[in-house]
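Q: Residue numbers (the numbering used here): 1467 to 1530.
This is the structure I want to talk about, given as structure tokens.
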């Protein structure tokens, strides 16, 4: 009868992963670019630069 509690624990660990960085719904959230891209201002940003979500996609935090 201890099997249900063991399987519940395994399920909880699967849902409690470290994927919090993928939440981009909140406006003004910034993250490090995983690959180079182009901001809506026309200037490029490099991999590793801090970028933010804007209505047109991703770009410099100041351009949001």
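In this text, a Cβ means the ideal position worked out from N, Cα and C, and glycines have one as well.
Quick caveat: nothing in here was measured; it's all calculated off a predicted structure.
Could you spell out where the beta strand (DSSP E) holding residue 1519 opens and where it closes?
A: 1516-1520
Q: Residue 1498 bridges to which residues according to DSSP?
A: Beta-bridge pairing links residue 1498 to 1516.
Q: Cutting at 7 Å between CB atoms, please list the residues of its own chain near residue 1522, excluding the five before and the five after it.
A: 1506.
Q: What number of angstroms, rounded off, separates the C-alpha of residue 1519 from the C-alpha of residue 1528?
A: 11 Å
Q: Determine the contact status of residue 1499 and residue 1513, defining contact as a CB-CB distance below 7 Å.
A: yes
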